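Residue numbers (my numbering), protein chains in the order written: chain A, 1 to 315; chain B, 316 to 630.
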């Protein structure tokens with residue numbers, strides 16, 4: 001493990017750097033990697049992001065100027081916000097064994113890189129990248145905007161329990177570079193497509209409560225997605241809905257990825273350790289937010305996750 | 316107009332102070348007044364909030380320790396987050412003519428008090444109260460929590476366009492007093508009653524689009540409220556839903572207060588000045604968020620507000 005100063009010093013020695021992001025890329029992995037890439041370029045280095053085939057329209061505009069040319073042969077490889085090697089996209093396979101630096105904030109980090117710069121208490125990987133970049137270059141508005149996206153998305157725009165005083169101080173510093181975050185906030189946190197609003201309405205009408213109404217399960221069947229012609233962007237972060245139901249402290253979303261395969265998202269309060277629940281099912285994450293992908297029908301997976309919650313709570 | 320230093324000096328000269336909040340009290344008026352009350356008490360002064368008859372369960376716990384005894388005879392009267400004298404609750408009538416200091420952040424402020432401490436660019440009145448209290452006393456965790464509530468509620472937990480770097484810096488300072496804001500954030504911004512979720516689902520299914528789909532109108536008829544047995548808390552801030560519809564830049568919520576009386580809430584982007592729209596209908600507020608209460612049926616008021624939008628946009 002190395003700190004942000006040492007990570008900065010290590011990056012200083014590199015050139016021709018390829019940055020890797022994680023599967024189902026979110027604002028933190030894309031925003032952090034983009035900001036790092038732009039910072040390295042501002043230092044006169046060559047740096048690229050490996051194309052992430054699952055990028056959604058939401059985050060594409062940030063990463064687009066940074067995609068590596070096809071067949072790019074880097075001298076150095078760095079992963080950003082990647083908890084374990086299994087979470088690298090398939091096209092990252094050629095680089096998986098030669099990652100020299102992993103910058104991450106997941107407590108479940110797998111230490112797959114030669115050096116790891118891990119701060120498990122950081123609300124977002126963007127906080128760590130901010131500290132690293134401060135050592136290396138000016139935080140220009142161009143760098144500040146994707147960093148703001150990274151940080152704001154991973155703390156739900158400063159509402160999740162991972163938000164710290166430091167998170168707010170970094171947000172203030174980024175805004176003081178002159179970036180206008182109101183457009184980003186509007187797009188990322190205050191805009192829902194009509195399809196998404198209708199899907200949410202359906203998920204609410206069909207939600208189920210368990211464990212003395214403390215656990216709520218919402219489902220996104222493939223059929224619903226098809227009926228609504230929902231895009232990947234429409235269903236992004238739909239797992240934020242279940243934990244909002246008053247009186248519950250464990251919101252579980254089951255999303256049917258394909259027949260026989262279900263993605264579980266668990267968002268929980270102090271009573272239920274989401275990371276342990278998902279750990280029981282082969283996944284992982286944070287105490288308050290974790291995930292797993294499991295084989296089975298929606299009903300089978302529902303029973304499995306309820307059983308996992310029961311096991312973890314009774315431990 | 317006086318600045319926060321002078322407002323602090325003026326408060327320093329006062330004792331036996333009654334603080335007034337506005338009708339349909341929100342987190343900012345209650346949180347700011349409560350924090351100011353606790354700060355004045357920490358200085359050894361006698362201070363109270365005038366009971367606000369419309370207080371909801373959401374904010375009652377903050378204000379409860381501060382309510383003035385019935386028939387309290389103050390020596391000084393201060394209003395907090397009150398834009399115009401008309402927005403004082405009825406039971407404030409005996410004090411309306413003798414307000415010595417108004418602390419406020421509404422651009423439409425009516426200058427009804429002897430002295431006004433107005434910062435129209437502040438995201439919340441809580442920011443101004445924070446600056447005033449810093450001059451007077453330690454910001455203890457007891458004071459920091461209602462101030463956090465004041466600031467966080469008025470900027471939608473740091474998502475609205477009024478959020479500034481300063482807003483984040485103050486939030487950081489408040490959190491550094493040691494308060495745990497995760498419970499507050501969860502309760503205020505990440506919890507919805509089942510009734511509320513169902514009302515939202517209905518509002519979504521019945522929303523109407525106008526002006527080339529840029530204006531969306533959602534309605535809360537009395538009948539829907541009765542059918543759902545919705546409480547005041549269930550429908551609080553339901554006006555935040557309409558502005559979320561993708562592709563629109565003007566979200567209007569019409570809430571039938573009683574037969575023949577409708578409350579209009581307008582939330583808008585740069586194209587539509589919400590304050591001017593509501594000004595046309597006898598109301599007011601901020602450029603991006605304003606309100607008015609109008610006589611008429613839901614349909615009549617819908618037509619009136621659409622006409623007002625058209626007038627303002629074409630000016």
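Cβ atoms here follow ideal geometry from the backbone N, Cα and C, with glycine treated the same way. In this text the structure is predicted, and so the values were computed from the model without any measurement.
| Query | Result |
| --- | --- |
| 3 or more residues per run - each beta strand (DSSP E) lying fully within the stretch 494-541 of chain B | 523-525, 530-535 |
| Three CB pairs or more closer than 8 Å across the stretch 120-133 of chain A and the stretch 155-170 of chain A | yes |
| Among B:343, B:604, B:453, nearest to residue 567 (chain B) - alpha-carbon criterion | B:604 |
| Minimum Cβ-Cβ distance from residue 193 (chain A) to chain B less than 9 Å | yes |
| Any 3 or more C-beta pairs closer than 8 Å across the stretch 294-301 of chain A and the stretch 206-215 of chain A | no |
| Which listed residue (B:402, B:391, B:431) has its alpha carbon closest to that of residue 413 (chain B) | B:391 |
| Cβ-based contacts, 7 Å cut-off: residues of the stretch 167-187 of chain A near chain B | 168, 169, 171, 172, 175, 176, 182, 185 |
| Within 9 Å, strictly: CB atoms of residue 383 (chain B) and residue 366 (chain B) | yes |
| Buried or exposed by the 16-neighbour rule on C-beta atoms within 10 Å, applied to residue 156 (chain A) | buried |
| Own chain partners of residue 10 (chain A) with C-beta closer than 8 Å, once the 5 adjacent residues on each side are dropped | 2, 100, 101, 115 |
| Sufficient close CB pairs (3 or more, under 8 Å) joining the stretch 369-383 of chain B to the stretch 543-550 of chain B | yes |
| Own chain partners of residue 72 (chain A) with C-beta closer than 7 Å, once the 5 adjacent residues on each side are dropped | 18, 48 |
| Cβ pair residue 179 (chain A), residue 130 (chain A) closer than 9 Å | no |
| CB contact flag (residue 83 (chain A), residue 21 (chain A), <9 Å) | no |
| Separation of residue 469 (chain B) from residue 459 (chain B), as counted between CA atoms | 16 Å |
| Nearest to residue 316 (chain A) (by Cα), restricted to the options A:254, A:133, A:85 | This structure gives no information on residue 316 (chain A), because the portion of chain A shown stretches from 1 to 315. |
| According to DSSP, residues forming a beta bridge with residue 48 (chain A) | A:18 |
| 7 Å Cβ cut-off: residues of chain A touching residue 516 (chain B) | 201, 204, 205 |
| DSSP three-state assignment for residue 102 (chain A), whether helix, strand or coil | strand |
| Three-way DSSP call (helix, strand, coil) for residue 610 (chain B) in this model | strand |
| Neighbourhood of residue 578 (chain B) by C-beta distance below 7 Å, restricted to the same chain and skipping five residues each side | 570, 572, 606, 608 |
| Which residues DSSP lists as bridging residue 392 (chain B), in chain order | B:333 |
| Cross-chain neighbours of residue 473 (chain B) in chain A, by beta carbon under 7 Å | 157, 158 |
| Straight-line gap, residue 139 (chain A) to residue 184 (chain A) (C-alpha atoms, nearest Å) | 18 Å |
| Contact check, residue 410 (chain B) vs residue 403 (chain B), beta carbons under 9 Å | yes |
| Residues, ordered as in the chain, of the stretch 239-254 of chain A that lie near chain B by beta-carbon distance below 7 Å | 243, 244, 245, 246 |
| C-beta neighbour in chain A for residue 584 (chain B), strict 9 Å | yes |
| Exposure of residue 205 (chain A), with buried meaning 16 or more beta-carbon neighbours within 10 Å | exposed |
| Beta-carbon proximity check, residue 159 (chain A) vs residue 473 (chain B), cutoff 9 Å | yes |
| Ranges of the beta strand (DSSP E) found wholly within the stretch 240-299 of chain A, counting only runs of at least 3 | 250-258, 261-268, 289-295 |
| Whole-Å CB distance - residue 274 (chain A) paired with residue 287 (chain A), under 8 Å assumed | 6 Å |
| Three-state secondary structure (DSSP) of residue 470 (chain B) | coil |
| When B:544, B:574, B:346, B:592 are compared against residue 510 (chain B), the one with the closest alpha-carbon | B:544 |
| Minimum Cβ-Cβ distance from residue 512 (chain B) to chain A less than 9 Å | yes |
| Assigned secondary structure, residue 118 (chain A) (DSSP; H/G/I helix, E/B strand, else coil) | strand |
| Closest residue to residue 327 (chain B) among B:376, B:434, B:452, B:385 (Cα-Cα distance) | B:452 |
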